[in-house]
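> Sharing a structure with you now.
Protein chains: 4
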Amino acid sequence: MQAAFTRVAEVGFEGLRLRQVADAAGIDHSTLHHHFATKQDLVNAVVLHTTGRLAGTAPADAPDPVARLRAHLDALRRLCEQEPELFTVTAELDLRARRDPAVRAVLERQEAGWRAALTAVLAEAGVAGSEVGAELVIAAVKGVRLAPHLAPAVFDRLATVLAGTATGP
Amino acid sequence: MQAAFTRVAEVGFEGLRLRQVADAAGIDHSTLHHHFATKQDLVNAVVLHTTGRLAGTAPADAPDPVARLRAHLDALRRLCEQEPELFTVTAELDLRARRDPAVRAVLERQEAGWRAALTAVLAEAGVAGSEVGAELVIAAVKGVRLAPHLAPAVFDRLATVLAGTATGP
Amino acid sequence: MQAAFTRVAEVGFEGLRLRQVADAAGIDHSTLHHHFATKQDLVNAVVLHTTGRLAGTAPADAPDPVARLRAHLDALRRLCEQEPELFTVTAELDLRARRDPAVRAVLERQEAGWRAALTAVLAEAGVAGSEVGAELVIAAVKGVRLAPHLAPAVFDRLATVLAGTATGP
Amino acid sequence: MQAAFTRVAEVGFEGLRLRQVADAAGIDHSTLHHHFATKQDLVNAVVLHTTGRLAGTAPADAPDPVARLRAHLDALRRLCEQEPELFTVTAELDLRARRDPAVRAVLERQEAGWRAALTAVLAEAGVAGSEVGAELVIAAVKGVRLAPHLAPAVFDRLATVLAGTATGP
DNA sequence: CATGAATGAGTGTTCATTCAT
DNA sequence: GATGAATGAACACTCATTCAT
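Protein chains in written order, with this note's numbering: chain C, 33 to 201; chain W, 33 to 201; chain H, 33 to 201; chain Z, 33 to 201.
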């Protein structure tokens, strides 16, 4: 439910109230229960929606690995500008995952995929220590999630810094 | 209250319950109210305790700026290993700050100080774009907060990568 | 809610407990909150119910003012015998009005109407000092509220005494 | 305790808080418990203080019964102007007496004495139905308690009206 | 499908009272 | 005698959930 996603972006999971979600969606709170039997179901739906939107930015299949990395970071930057709520919710999810196994499972699978893709692209680009490089990218992206206005500069520096250590394909 | 801090690290602010904090501290929940009149007071105390612990890692006054940066990152790494809850709570705080003005004020002041110190150290080390460099450090540190086991490698790479672009004092 | 009214008559606003009202009504205390969002809402409902019941005794439109006064006092006397709780609650309300602006507003409006009607009826009957006469009636009625068994005699004497000073229409 | 009396006049028994009384008296709330073991003890002290202050207005021993009545009503009027809190607290007490046997006992004894004195004075003045006349006085006095500014006029009318039915000693 | 009345466990908070100092 | 930390029962209120309609 879109209303739930917006609500999480505004007040977080901590302040998520089923009645307010229903109000925002213009329906009765009982009707909400008709579509999502339990609150957890609604949360899971939000998780799936969020991770799905992010999956589209994975390093695409360009021939040049350095270009692939840049394209990926560019896609994230654009998303960060156009839909900052997406990143806000992701930050909420990371915290929620610590106590919610269902959320954790989804997030871990998604992050594993992301990590693998990043590692591959860095390795192909000849970056020494590609695994650690991938972790640095992941950490930096996660770290700017709540300050979207800093994302462009940080992503740019990140790309430069990593490309600088590349030996070429 | 130490019990509250531990509790936040375990279940976050979302799951923070005064009665459970009191139980963990081995006192009556009314006694907790005797010391902290309101829940917000307790939260504020946790915020102050947490930011206070972190403030001690600020780039120290060594002559060499590169050494100062390394020392700072080393201190963070050690803290990350010895008291990972400190970083977990910090992550919780960043989210909480979005809705809690009192928390936001404290956090913004602390982050401004951190940012200034980092920028200064990088500038002194001759790193071009010291402001963005500082943001990259901040983002990376924030990004590995919830995965403490990755911190050593990431911090190390970060230091290497930044020192590599330094022209020396 | 009728149960709340009865409860106020028994234990006053001081002792009014939502759970006890709900118990008396045979419903869950949460269900009570479903109908009256806040305790104040319930109190307001009791106030409206009480003043409404009393409004019906206003001096009716008989041709003879002395008869109108007697009819009014008779109506009050009957109410005092049949529903003494009504007067008990009124006494509680007068005290509550001192701290509760919402209650005060309702009570002041109702008392102003009562005062005006009494003054008019006394003036029409030729009683000198009709305003003070009205105050005497109001004071006497308020004063016997908590001793309903004395009401008949007092009301009777009041009517006699006032009619005695009337010069006729 | 004087502070308790003032507090009752302000917020009633409903809002009487031991800590606030202690604060108003400039002592610790535990110290208050030293002097009054329980809240009820404090309430009882307030009751005794209040009824004691009022007892002094009883119809004094003048030769003329009509003068005695007037003197009594005059004394009440003066008290009503100088210490309106005394009457406010009395109104609170009447309501409290309905649930508090200790208060009820004191109040009933005091009211019985007042009633007897009034009846005697009216009988001696030759007023027919002196018992009912006494009740009318009591009711009127109780009824103006919460509107002290009306007391002078009402008391005056009351005295006139009763004296008018007197046949003389 | 949708509604709204009903529920009960749980939340922060209050307050008179007790007790060691 | 006076203090303040400690207590536990009670309070109004919240919220996800259920159920009859």
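All residues carry an ideal CB built from backbone N, CA and C; glycine is no exception.
Fair warning: this is a prediction, and the values are worked out from it, not measured in the lab.
#1: Is DSSP giving residue 121/Z helix, strand or coil here?
#2: Is residue 163/C a contact residue of the ligand NAP, with contact defined as CB to any heavy atom under 7 Å?
#3: Show which residues of chain H have a CB atom less than 9 Å away from the CB atom of residue 161/Z.
#4: With distances taken Cα to Cα, identify the nearest neighbour of residue 183/W among 110/W, 87/W, 45/W.
#5: How would you list, in chain order, the residues of chain C whose beta-carbon sits under 8 Å from the beta-carbon of residue 51/W?
#6: Pick from 176/H, 70/H, 50/H, 95/H: whose alpha carbon is nearest that of residue 118/H?
#7: Examine chain C for any beta-carbon lying closer than 8 Å to the beta-carbon of residue 132/W, and answer yes or no.
#8: State the Cα-Cα distance for the pair residue 128/C and residue 135/C, rounded to the nearest angstrom.
#9: Under 7 Å Cβ-Cβ, which residues of chain C neighbour residue 176/W?
#10: Could you check whether residue 157/W and residue 97/W sit closer than 8 Å to each other, using their CB atoms as the reference points?
#11: By the three-class DSSP mapping on this structure, what secondary structure does residue 59/H have?
#12: List, in chain order, every chain Z residue whose beta-carbon is nearer than 7 Å to that of residue 119/H.
#13: Thinking residue 33/W and residue 87/W are a contact (beta carbons under 8 Å), I'd like their distance in whole angstroms, please.
#14: Report the neighbours of residue 64/Z on chain H: residues whose CB is nearer than 8 Å to its CB, in chain order.
#15: Could you list which residues in chain Z have their beta carbon closer than 7 Å to that of residue 45/H, in chain order?
#16: Assuming contact is defined by CB atoms lying nearer than 8 Å, are residue 89/H and residue 69/H in contact in what I supplied?
#17: Could you round the C-beta distance between residue 150/C and residue 169/C to whole angstroms and report it? I think they count as a contact, below 8 Å.
#18: Using the beta-carbon count (16 or more within 10 Å), is residue 133/C buried or exposed?
#19: As a quick exercise: from 91/W, 105/W, 71/W, pick the residue whose alpha carbon is nearest that of residue 51/W.
#20: Under the rule that 16 or more other beta-carbon atoms within 10 Å means buried, what is residue 95/H, buried or exposed?
#21: Anything in the stretch 101 to 114 of chain H with a Cβ closer than 9 Å to a Cβ of chain Z? List those residues in chain order, please.
#22: Do residue 171/H and residue 121/Z come within 8 Å of each other at the CB atom, strictly closer than that value?
#23: Determine the chain H residues that contact residue 140/Z at a beta-carbon separation under 7 Å, and present them in chain order.
#24: Answer with buried or exposed for residue 181/H, where buried requires no fewer than 16 other C-beta atoms within 10 angstroms of its C-beta.
#25: Which parts of the stretch 142 to 169 of chain Z are runs of the beta strand (DSSP E), unbroken and 3 residues or longer, counting only runs that do not cross its ends?
#26: What residues in its chain sit with their C-beta under 6 Å from that of residue 41/W, if we drop five residues either side in the sequence?
#27: Does any residue of chain C bring its CB to less than 8 Å from the CB of residue 193/W?
#28: Going along chain Z in order, which residues have a C-beta closer than 9 Å to the C-beta of residue 164/H?
#29: The alpha helix (DSSP H) that contains residue 84/H, what's its start and end?
#30: Between which two residues does the alpha helix (DSSP H) carrying residue 92/H extend?
#31: Any idea what DSSP makes of residue 48/C, helix, strand or coil?
#32: Can you pull the chain C residues whose beta carbon is under 9 Å from the beta carbon of residue 157/W, in chain order?
#33: What is the residue span of the alpha helix (DSSP H) that residue 179/C lies within?
#34: Residues of chain W with CB closer than 8 Å to the CB of residue 123/C, please, in chain order.
According to the structure data:
#1: Secondary structure at residue 121/Z: helix, using DSSP grouped into helix, strand and coil.
#2: No copy of the ligand NAP occurs in the structure displayed, which carries no ligand at all.
#3: Residues of chain H passing the Cβ test: 185, 189.
#4: Considering only alpha carbons, the answer is 110/W.
#5: Here the premise fails: no neighbours, minimum Cβ distance about 18 Å.
#6: The residue among 176/H, 70/H, 50/H, 95/H with its C-alpha nearest the C-alpha of residue 118/H is 176/H.
#7: Chain C contact via Cβ: absent.
#8: If I take the Cα positions, the gap works out to 7 Å.
#9: One finds 171 in chain C with Cβ atoms closer than 7 Å to the Cβ of residue 176/W, taken in chain order.
#10: Cβ distance < 8 Å, so residue 97/W and residue 157/W count as in contact.
#11: DSSP places residue 59/H in coil when its eight states are reduced to three.
#12: Under the 7 Å cutoff, chain Z gives no residues; its nearest Cβ is about 12 Å from residue 119/H.
#13: Not confirmed; about 20 Å, so no contact.
#14: Around residue 64/Z, no beta-carbon contact reaches into chain H at under 8 Å, the shortest distance being about 21 Å.
#15: Think of a sphere of 7 Å around the beta carbon of residue 45/H: the chain Z residues whose beta carbon falls inside it are 46, in chain order.
#16: Not a contact, by the Cβ cut-off of 8 Å.
#17: Going by Cβ atoms, the distance from residue 150/C to residue 169/C rounds to 5 Å, so yes, they are a contact pair.
#18: Here residue 133/C is exposed: its Cβ has fewer than 16 other Cβ atoms, across all protein chains shown, within 10 Å.
#19: It is 71/W.
#20: Only exposed fits residue 95/H, as fewer than 16 other CB atoms lie within 10 angstroms of its CB.
#21: Answer in chain order: no residues at all.
#22: The Cβ-Cβ distance between residue 121/Z and residue 171/H does not fall below 8 Å.
#23: None at all; the shortest Cβ gap to chain H is about 11 Å.
#24: With fewer than 16 Cβ atoms within 10 Å of its Cβ, residue 181/H is classed as exposed.
#25: Taking only runs of at least 3 residues, no beta strand (DSSP E) segment lies wholly in the stretch 142 to 169 of chain Z.
#26: The residues 117, 120, 121, in chain order, have a CB closer than 6 Å to that of residue 41/W in the same chain once the five nearest residues on each side in sequence are set aside.
#27: Cβ-Cβ to chain C under 8 Å: yes for residue 193/W.
#28: Proximity of chain Z to residue 164/H at the Cβ level (cut-off 9 Å) is accounted for by 182, 185, 186, 188, 189, in chain order.
#29: The continuous alpha helix (DSSP H) containing residue 84/H extends over residues 71 to 87.
#30: First-last for residue 92/H: undefined, no H or E at that position.
#31: When DSSP states are grouped into helix, strand and coil, residue 48/C belongs to the coil group.
#32: Below the 9 Å Cβ cutoff, chain C contributes no neighbours of residue 157/W, its closest Cβ being approximately 15 Å away.
#33: Going by DSSP, residue 179/C is part of no alpha helix (DSSP H) at all; its letter is neither H nor E.
#34: Correct list: 126, 127.
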